[in-house]
Amino acid sequence: LTPLKYWKSKKSGANYPVAWEISVPSQQLTLKSLPLLDNQELITDKSTRVTYWEGASEFKGEKKGKRISGKGYIELTGYAKGLEE
1 LTPLKYWKSK KSGANYPVAW EISVPSQQLT LKSLPLLDNQ ELITDKSTRV
51 TYWEGASEFK GEKKGKRISG KGYIELTGYA KGLEE
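For the sequence shown, the numbering used here begins at 1 and goes up steadily by one.
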């Protein structure tokens, strides 16, 4: 798992790794995960008090020499401020 691209939030200052390369050599699998939009940050100060990035992504790559693609959902926590008591 290798980050390929970061997006920095102007609101929270968090720097999120929003694009990834995923490699599973034992399965002959390589994928790139790319966000549909970079800014998919949620700031929930009035409810759970957690700031995090979650959003839609697309995947493209190869498995055993064949091209594959798909869509998914990624959640990134721990990159912005934590819970305050």
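In this text, a Cβ means the ideal position worked out from N, Cα and C, and glycines have one as well.
Go ahead and pull the three-state DSSP assignment for residue i.
i	result
Ser-57	strand
Ser-33	strand
Ser-69	strand
Ser-26	helix
Tyr-52	strand
Give a yes or no on whether 7 angstroms exceeds the smallest Cβ distance from residue i to chain B.
i	result
Ser-33	Among the chains of the structure shown, chain B does not appear; only one protein chain is present.
So which of the options has the shortest CA-CA distance to residue i?
i	options	result
Lys-71	Ser-9, Gln-27 and Lys-32	Lys-32
Gly-78	Leu-1, Lys-5, Ala-56 and Ser-12	Ser-12
Leu-29	Lys-66, Ser-9, Thr-2 and Tyr-6	Lys-66
If you count every other CB in all the chains shown that lies within 10 Å of the CB of residue i, and 16 or more means buried, which is it?
i	result
Ser-23	exposed
Thr-51	buried
Below 8 angstroms CB to CB, which residues in the same chain sit around residue i once its five sequence neighbours on both sides are set aside?
i	result
Leu-36	Gly-55, Ala-56, Ser-57 and Glu-58
Below 6 angstroms CB to CB, which residues in the same chain sit around residue i once its five sequence neighbours on both sides are set aside?
i	result
Glu-21	Thr-2, Leu-4 and Lys-32
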